Amino acid sequence: MASTLSDQLEEVRCLTEACLYSTGSVLEVRAGITAMANIPLPPSVKYRYIAAETMIFENGVNNNRKETIGSLQRLSTALNILEKYGCNLTSSSRPKYWRAVKHNNPVFRATVDAIQGGRAVLCLYGYSNQQPDGLSFPDEVVEPDIEKVAAVTLEVMSLRMELDMLIKEAHPHPEFFERIIPSLNQKDEFGPISDAVAIPSSLRESQPLYMSLASLSQSPTSAFLPVRTANASTSTSISTRHTERANHHRTVVTSSKMRKNHSSSLLSWHCTHCTRVNSNQDILCETCERPRLASSGSAKDEFPQPFTITEWQCKSCTVVNAGSSILCEVCERPRLATKPPATPTRPTPTPNRPAAPVLGMPGDPDSQWMCQFCTYINYTPALVCEMCDLPRPEPTKMRVKLHPPSQVKKVPVLSVKPKDPPMEDPDLTRQKLMREEGLKLIQLIRDGEKKGVSPEEVYTGMRVSGVGNILPCDWLKAELPHLLDRICATATSSRAADLKAGQNQNGTGTAEDTGVEEEQTRGGGVTLSRAEAKLAWLSAGGDTERAAKQALRDRHSKVKELCSLGFTDEVRCQEVLRQSEGEVRGALSLLQRPLMEPFHQRMWSDQPEPPIDINHPDKQRVCRRLLAVYDLPSWGRCELALSLLQERTAPYSLDDVVQAVRESHDRDFIRRVLAKECPICLSDFPHSKMQSLTSCQCSVCCGCFQQHFTIAVRDKHIRDMVCPVCWEPDINDPEHLNSYFSTLDIQLRECLEPEVYDLFHKKLTEQALIKDPKFLWCSHCSYGFIYDGDQLKVTCFQCRNSFCAQCKKPWESQHGGLSCERYQSWKRENDPEYQRQGLAGYLRDNGITCPNCRFQYALSKGGCMHFSCSQCRYQFCSGCNNPFHTTCAVIHCSVTGLHAHHPRDCLFYLRDWEPGRLQALLQNKGVEFNTDTPPGTQAGLCGVIEQKDESGQQTDSACGAQTQPGHAGLCEKHYREYLVSLINGHSIDPAPLFNANELVLACRRYQVDDARGELEDDVTYYTRILEKLIDEVPLGDKVPRKK
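This is the structure we're talking about:
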């Protein structure tokens, strides 16, 4: 059943949410909310987003039912405001300031902020950013989450409807709320009110409590006194004991309807349009959605107001308040305050003004109102000022003044005896004239804008052209050019007259002076442009004389400005100002153009830029060249570079100094950068001429860098291509090798010659091919190649000899059809040469194989265990194949220098054991070994091939050491190697034969806990750590296991 109700709730919720944020009607949304509220589920299950139970408990728990109902009413009012916030967000036309909610809003402070959980609902809407004066959406949120806001708003509306039903005692399932608020089950402290009768207030003190029904029916109903059920029997007994009322029978009068109507009138209101009874908390009617105070002529007197003033309705927000309240609980406006003025989004069209002065129309002084902004007199039908288009301060209708009855009537007097028309108010006439002129000017300006004429030109043209029939735009087009030419001529003549008057004041001079004066007069003439004359004409308001003087003053100030910039030729300044139509910027461009001509010719010429002469006497010229050519960051850097270049003891190049100065402004640091010593050739070079590898901090000059890597590529192995100073990095690590060569390739591409760089790439490719599983080395000529075949017999492309692809032995016809193991067994049994060599041949066949490139060496493993492959330069241990390195990757390794981490079954440790101990280890595992000398071998000398260092060169030769009896014709060193190869081939752990010191040392070497317990004897201790060593440390995974 619960799942069915939950499914029903989910279906209704989805449909209602879709209606809420889509084009659904209000009736559909309200029907869905009603359906959600009637589903019999507790609030904890019904409400998914808001904490309904917590909000009801924190805001509704009180001592009695009356206080609880009041708290729930306040909660319902707050939910109504929250519902408005949600509806505004889901609406397609959201308010302008939807992103923020202010705390200083009186409605918010009195409703949402006065309950517990109100701000949490706003956070669910998206108001999660705390501001000093309220809440807002985060800055990165562009649009609210409509679906989530609709879901939260739907729950707010549903909870408000349930609370209203609970307050009206109309909820179908109040038990869910009674569990949350136990005080809802409590009754009034005087018990339930019975059906009461109306008792006149005049009889409350003088008459007894009992009275007849007839007297009650005749009494006025100005006041009511409810009679409690608890006192009904007492009152009956008192009335029957009276002597005059012995035969009286008490009849219970049912007045529940009257009480119900009385209580409902206090808790509800009737819609004047559709007559639906709504709750006092509702602002809009639930059926027709009309406002609470919407008037209807037919329903004005249908429902009378309550007979006592127990509550009042705010005229601003329509909330019903208690009769004792002075301020509104929501908007905090006074009780008698009128509704505040609201600025309409669109101006209300004012009706046409009637012509006749009728009562209530323009002729009546009581129908006039003055605009408080522009003092214009308007009339009652107009809600917006006709002059400034601002709203009337009080849009409510003004009460019409009722004139006392008079025997003299206005209309008959006017009709009987015609009088002169009343005198118009001069202020009204002036305002009317101002309005007409303003509208005319606005229309002219709009027409001028369409024709490209500015408003200033229209206004000035209208003043100059007069009130004739010609329009200002037409006048400007026809007459303004001639007027501007006249202004220019007037200014020129006025300037010439002023110069002549000044010369006359100085007196008459000689003929030479007269020539100078004529030259001054000729040079002092001012020729204005029409643009200058037009600006002066506009600033002078159309006055020609003032415009000419203003144009001369403006021209004089512009000439002074150009002279202050270094252009002293006033005649040239006057000419360029005329050409640029009075613009100083344009005149300056014309004056600077001849000065820039040499620079332009030098820039566009094909000749190279002349070098910078640092010894030029004009240091500012050199600094400017440095600043322009090399784009140095500041003038100070240019001076620093020049001072460094002029030092005699430091022969720096210009490019090196400029690059160093661009990086730093410290003179000492720049000197160190410009003089770095190469550790190879011991010469000084600037930092830009030095090169370094990414693996170390060493720097060498470009010449030494190129020479070192050229020799390494041509004559050495690719693993020798390391730093020539510190020989870093250690490129035995394959991962480090790849990253090192990827960066080295970029450096060598710039400094090596093309053929050397190609050889480097060839060796790098071979190094990569070695790691391919299909790569094979020829056992005859050491040539490597890729082999994709599946046959054992492989023919070398270089020497054309064949060998086995698996065991790498020279190919023989007997190998065909046999595996490598069976072929080796046949060879040991049938080859006399192999039998003559004995264990020396065994050690040769099981020689050293490079773990990196898989190249095989027919050498023994005795002597030094550090082996370097001649093919790939890989350094490894010949006993366990672990790499030798200087930078260790093992955690907690304290060994420095070249080393390798050997396992406990490596020849590195077992070569120190006596042959008898190694034989005992093999005997414990049942492995056979040789002790007799094979026939045909040279007696007394070991014939195992070794790699020896003779005169600085690596050569392969026989061991030649003295053999021992019982060692199968081998020296003791190579016999131990033979026994260890059997141990490794059978994966035998040597740990069981460790003595106490060797066992403890092995535990410490491999970081095995060797702590000894209290009261632990030696046998138990060593047995325990031996088992722990075998379990925690396995044998070497790279040790050769050939049998």
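In our numbering, the protein residues as written are 44 to 1086. Quick reminder that beta carbons are idealized off the backbone N, C-alpha and C, glycines included. Since the model is a prediction, treat every value here as computed from it, not as a measurement.
Leaving aside the five residues before and after residue i along the sequence, list all residues of the same chain whose C-beta is less than 6 Å from its C-beta, in chain order.
i, result
"Met200", "Ile76 and Glu126"
"Arg573", "Leu527"
"Asn873", "none"
"Lys851", "Ser822 and Gln899"
"Cys824", "Gln841 and Cys842"
"Arg56", "none"
"Pro455", "Summary for Pro455: the model assigns pLDDT 46, below 50, so the residue's position carries little reliability; its value from the coordinates is reported in the next sentence. Result list for Pro455: empty, nothing under 6 Å."
"Gln474", "Tyr419"
"Gly160", "Met98"
"Glu71", "Cys62"
"Glu53", "none"
"Phe748", "Gln734"
"Val1023", "Leu950 and Leu953"
"Asn844", "His823"
Taking C-alpha atoms, which residue in the options lies nearest to residue i?
i, options, result
"Val1051", "Asp1074, Phe1037 and Val1062", "Asp1074"
"Gln663", "Ala703, Glu809 and Gly679", "Gly679"
"Asp815", "Leu638, Gly827 and Thr361", "Gly827"
"Val185", "Ile223, Leu227 and Leu132", "Leu132"
"Leu1042", "Gly491, Leu1022 and Glu1070", "Glu1070"
"Ala78", "Leu58, Arg91, Tyr92 and Leu608", "Leu58"
"Leu787", "Asp773, Ile813, Glu798 and Phe752", "Phe752"
"Met204", "Asp325, Thr838 and Leu638", "Asp325"
"Ser742", "Ala80, Asn844 and Pro767", "Pro767"
Which residues in the same chain have their Cβ closer than 7 Å to the Cβ of residue i, if we skip the five residues on either side of it in sequence?
i, result
"Asp188", "Gly169"
"Ile513", "none"
"Asp948", "Ile1026, Asn1027, Asp1032, Pro1033, Leu1078, Gly1079 and Val1082"
"Ala594", "Ile530, Ala534, Leu571, Glu575, Ala576 and Ala579"
"Cys745", "Lys732, Gln734 and Cys794"
"Gly103", "Thr111, Ser114, Leu115, Leu118 and Ile224"
"Asp699", "Leu717, Pro729 and Ser731"
Closer than 8 Å by C-beta to residue i: which residues in its own chain qualify, once you throw out the five before and the five after it? Chain order, please.
i, result
"Leu669", "Ile655, Leu675, Cys681, Ala684, Leu685 and Val701"
"Arg389", "Per-residue confidence for Arg389 stands at a pLDDT of 44, beneath the threshold of 50, marking its modelled position as unreliable; the derived number appears in the next sentence. Closer than 8 Å at Cβ, skipping near neighbours: no residue."
"Ala590", "Ile530, Ala576, Ala579, Trp580, Ser582 and Ala583"
"Glu796", "Thr753"
For my contact list, residue i and residue j are in at a C-beta cut-off of 8 Å; report their separation, rounded to the angstrom.
i, j, result
"Arg117", "Ile158", "7 Å"
"Phe180", "Arg142", "5 Å"
"Pro601", "Gly629", "First, the amino acid is wrong: residue 601 is Lys here, not Pro. Going by Cβ atoms, the distance from Lys601 to Gly629 rounds to 11 Å, so no, they are not a contact pair."
"Cys374", "Val150", "6 Å"
"Pro217", "Leu209", "6 Å"
"Leu688", "Ile713", "With 8 Å as the limit, Leu688 and Ile713 do not qualify as a contact, their Cβ atoms being about 11 Å apart."
"Gln962", "Phe972", "6 Å"
"Leu812", "Phe784", "With a Cβ gap of about 14 Å, Leu812 and Phe784 do not count as contacting."
Can you find a heavy atom of the ligand COA that lies under 8 Å from the Cβ of residue i?
i, result
"Arg56", "No copy of the ligand COA occurs in the structure displayed, which carries no ligand at all."
If we define contact as Cβ-Cβ less than 9 Å, is residue i a contact residue for chain B?
i, result
"Asp50", "Here chain B cannot be found, since the structure has a single protein chain."
Cβ pair count under 8 Å reaching 3, the stretch 820-828 against the stretch 890-899: Yes, since at least three Cβ pairs between the stretch 820-828 and the stretch 890-899 fall closer than 8 Å, the two stretches touch.
Contact the stretch 638-653 vs the stretch 610-626: 3+ CB pairs below 8 Å: Contact between the stretch 638-653 and the stretch 610-626 is absent, because fewer than three Cβ pairs lie under 8 Å.
Runs of alpha helix (DSSP H) lying entirely within the stretch 952-1031, each at least 4 residues, in chain order: Taking only runs of at least 4 residues, the alpha helix (DSSP H) segments lying wholly in the stretch 952-1031 are 958-967 and 1015-1028.
Contact between the stretch 717-727 and the stretch 752-763 (3+ Cβ pairs under 8 Å): Using a Cβ-Cβ distance cut-off of 8 Å, the stretch 717-727 and the stretch 752-763 are not in contact, since fewer than three pairs of beta carbons, one from each stretch, lie closer than that value.
Secondary structure, alpha helix (DSSP H): runs of 4+ residues fully inside the stretch 677-725: Taken in chain order, the complete alpha helix (DSSP H) segments of 4 residues or longer contained in the stretch 677-725 are 678-688, 697-706 and 710-717.
At least three beta-carbon pairs within less than 8 Å, the stretch 904-923 to the stretch 1038-1051: These segments do not touch.
Inter-stretch contact at 8 Å, needing at least 3 Cβ pairs: the stretch 1031-1041 / the stretch 930-946: They do not touch, by the three-pair rule.
Ranges of the alpha helix (DSSP H) found wholly within the stretch 576-622, counting only runs of at least 4: DSSP runs (the alpha helix (DSSP H)) wholly in the stretch 576-622: 587-607 and 613-622.
Any alpha helix (DSSP H) of 4 or more consecutive residues that is wholly inside the stretch 833-877: For the stretch 833-877, whole alpha helix (DSSP H) runs of length 4 or above, ordered along the chain, are 863-873.
Minimum length 4: unbroken alpha helix (DSSP H) runs contained in the stretch 724-767: Listed in chain order, the complete alpha helix (DSSP H) runs (minimum 4 residues) inside the stretch 724-767 are 745-758.
Beta strand (DSSP E) segments (min. 3 residues) lying fully within the stretch 145-213: DSSP runs (the beta strand (DSSP E)) wholly in the stretch 145-213: 172-174 and 177-179.
Complete runs of the beta strand (DSSP E) confined to the stretch 798-822 [at least 3 residues]: Correct list: 818-820.
Residue ranges of each alpha helix (DSSP H) within the stretch 627-668, 4 or longer: Runs of the alpha helix (DSSP H) inside the stretch 627-668: 627-635 and 640-647.
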